[in-house]
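Undergrad: Per the working numbering, the very first residue in the sequence shown carries number 7; after that it's consecutive.
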Amino acid sequence: MDELKLPGTLLGVDAVKDRRLVAADLTERQLLDLVEPGNTTLIVTVIGGQGHIFGRGNQQISPAVLRRVGVENVTVVATPAKLIGLFPKPLLVDTGDPELDRRFAGYAAVVTGYDRRQMCRVEC
Numbered sequence: 007m008d009e010l011k012l013p014g015t016l017l018g019v020d021a022v023k024d025r026r027l028v029a030a031d032l033t034e035r036q037l038l039d040l041v042e043p044g045n046t047t048l049i050v051t052v053i054g055g056q057g058h059i060f061g062r063g064n065q066q067i068s069p070a071v072l073r074r075v076g077v078e079n080v081t082v083v084a085t086p087a088k089l090i091g092l093f094p095k096p097l098l099v100d101t102g103d104p105e106l107d108r109r110f111a112g113y114a115a116v117v118t119g120y121d122r123r124q125m126c127r128v129e130c
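Here it is in structure tokens:
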């Protein structure tokens, strides 16, 4: 959000389209209404110290929202320092839906900077 020079919700979920803030601090219902299947990218960060991607602190990103977005349209971002602080622990997914969690399990290319990615293990 800083890079886009847009205000952001510290702990909430915000929607951006065409570099403009569409809505801030969205609920699950609002996310479901906004998500265009196959045309939405969800960008999430890792919770530092714990390694959770989903299941802690972002309950509005429900299994229904994730299914509508599509696992392939989720981008995980984290600073290198945050990932080093987690090592050797994996990133974690706990959406409350074991079948969906298994779709995230394996390895993810986490964006760590401009044109930089780090492969990280993801467990459920």
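C-beta: ideal position from N, C-alpha, C; glycine also.
1. Going along the chain, which residues of its own chain have a beta-carbon closer than 6 Å to the beta-carbon of A114, five neighbours each way excluded?
2. Beta carbon of D100: closer than 7 Å to some heavy atom of the ligand SAH?
3. So K88 is in the alpha helix (DSSP H); what residue range does that whole segment cover?
4. If you run the structure through DSSP and keep just helix, strand and coil, what is Q56?
5. Do G61 and D100 have their C-beta atoms closer together than 8 Å?
6. Compute the Euclidean distance between the alpha carbons of L72 and D24, then round it to the nearest angstrom.
7. Tell me the DSSP secondary structure of L29 in three-state form.
8. In the DSSP assignment, what residue or residues form a beta bridge with Q124?
9. Tell me which residues share the same chain as D31 and place their Cβ nearer than 8 Å to its Cβ, disregarding the 5 neighbours each side in the sequence.
TA: Quick answer:
1. V82, C126, V128
2. The model on display carries no ligand, and the ligand SAH is accordingly not part of it.
3. 86 to 92
4. coil
5. yes
6. 21 Å
7. The sequence shown places Ala at residue 29, not Leu. In this structure, A29 counts as strand in the three-state DSSP scheme.
8. V116
9. T15, G18, V19, D20
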